[in-house]
Amino acid sequence: MRQKIAAGNWKMNTDYKQGLSLTKEIIKASRSDEVLTILGVPYTHAKDVGDLCRYVSNIEMAVQNVHDKESGAYTGEISAPMAKSIGATYVIIGHSERRMYQQESNALLATKLNVALNHHLKPIFCCGEPLSIRKKKQEKDYVKKQLKEGLFHLTKREITKCVIAYEPIWAIGTGETATPEQAQSMHSMIRSELAAKYGKALANRISILYGGSVKPTNSKELFSQQDIDGGLVGGASLKGKDFVSIINSF
Ligand code: PGA
Numbered sequence: 000m001r002q003k004i005a006a007g008n009w010k011m012n013t014d015y016k017q018g019l020s021l022t023k024e025i026i027k028a029s030r031s032d033e034v035l036t037i038l039g040v041p042y043t044h045a046k047d048v049g050d051l052c053r054y055v056s057n058i059e060m061a062v063q064n065v066h067d068k069e070s071g072a073y074t075g076e077i078s079a080p081m082a083k084s085i086g087a088t089y090v091i092i093g094h095s096e097r098r099m100y101q102q103e104s105n106a107l108l109a110t111k112l113n114v115a116l117n118h119h120l121k122p123i124f125c126c127g128e129p130l131s132i133r134k135k136k137q138e139k140d141y142v143k144k145q146l147k148e149g150l151f152h153l154t155k156r157e158i159t160k161c162v163i164a165y166e167p168i169w170a171i172g173t174g175e176t177a178t179p180e181q182a183q184s185m186h187s188m189i190r191s192e193l194a195a196k197y198g199k200a201l202a203n204r205i206s207i208l209y210g211g212s213v214k215p216t217n218s219k220e221l222f223s224q225q226d227i228d229g230g231l232v233g234g235a236s237l238k239g240k241d242f243v244s245i246i247n248s249f
């Protein structure tokens, strides 16, 4: 049985007070023991969100990025050991917004995965194609390359600590969702790639999340697909009620 996961990615939203009250709302309302909830919060809120979640068994705190070095003269950056020290258990690596705005390459992401794993942070590794690639029907090759160059250097032991999020860029924040069939087809391809590289048994244990305009009205159908084990949710994770309804839609 794979872990079902509802992960929120708050991005650069909420101030400190709003972030804490959103966390409390989710803790209070979420009753599912079956589903792991992960809150991907801004760094300014991370310590206190982590403290609130510490004794809640099914809710974990994630940060949205870490630097690829462990420490040093990198003004303004935050490292994996720092994130770990304030209670983060997960880290989002390779979100398309960072690939795009911070020019994060597959090679850099591979290094970030290493540093995260070395410090016992579990990575949520994001992949997904832009619209231009899908129009050319090259989305599968594009994502395969992201996996090969960014993720598949990990050992078996390391990859079992990872969660993969497939997020087609054309569906992020646009209100346009991949159809359950489109998403399932990509998830199944990702699982086959995992199986080819690490073996079928291991591939069957890794959670693959879908991201891109997940909301309470489409989460149930998406999560009922065979290879979709949950969602990485942006906009809808900022509304307590909507996010709780997504958590409860497995
Ligand atoms: P969205 O964002 O749900 O707002 O489309 C998803 C993501 O970027 O992780």
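Position 81 of the sequence shown, counted from 1, bears residue number 80 in numbering that gives the first Met the number 0, the numbering being contiguous throughout. C-beta atoms are modelled at their ideal positions from N, C-alpha and C, and glycine is treated no differently. Keep in mind that this is a model prediction, so the values were computed, not measured.
Residue side-chain check: Glu220 keeps its Cβ at 7 Å or more from all non-hydrogen atoms of the ligand PGA.
Each of Ile171, Tyr197 and Ser191 was checked against the Cα of Lys214, and the nearest Cα belongs to Ile171. Cβ neighbours of Ala45 within its own chain (closer than 8 Å, five residues either side excluded): Met60, Val62, Ala82, Ile85, Gly86 and Ala87. For Cys161, DSSP records no beta bridge to any residue. Residue environment analysis places Thr176 among the buried positions, since at least 16 neighbouring C-beta atoms fall within 10 angstroms of its C-beta. For Thr74, the secondary structure class from DSSP, reduced to helix, strand or coil, is coil. Across the structure, Ile158 and Gln145 are spaced so that their CA atoms are roughly 15 Å apart. Secondary-structure assignment with DSSP links Gly7 through a beta bridge to Leu38 and Val232. The nearest non-hydrogen atom of the ligand PGA is less than 7 Å from the C-beta of Val213. Looking at the DSSP output, Glu59 shares a beta bridge with Ile37. Burial is judged here by how many other beta carbons sit within 10 angstroms of a residue's own beta carbon; Arg53 has fewer than 16 and is exposed. Here Tyr54 carries a coil assignment [DSSP, helix/strand/coil]. In the DSSP assignment, no residue is bridged to Val48. Contact annotation: Gly39 and Ile91 have beta-carbon atoms nearer than 8 Å. Look at Pro80 here: in three-state DSSP terms it is helix. Counting along the chain, the unbroken alpha helix (DSSP H) around Gly149 starts and ends at Glu138 to Gly149. The alpha-carbon separation between Leu221 and Pro179 amounts to approximately 5 Å. Residue nearest to Ile132 within the set Ile207, Ile189, Lys143 and Pro122 is Lys143 (criterion: CA-CA distance). In this structure, the C-beta of Asn57 stays at least 7 Å away from each heavy atom of the ligand PGA.
When DSSP states are grouped into helix, strand and coil, Ile123 belongs to the strand group. Sequence-distant partners of Ala194 (beyond 5 residues in either direction) whose C-beta falls short of 7 Å from its own C-beta, in its chain, are Ala202. For Ile91, the secondary structure class from DSSP, reduced to helix, strand or coil, is strand. If you check the CB distance, Ile163 and Ile227 do not come in under 8 Å.
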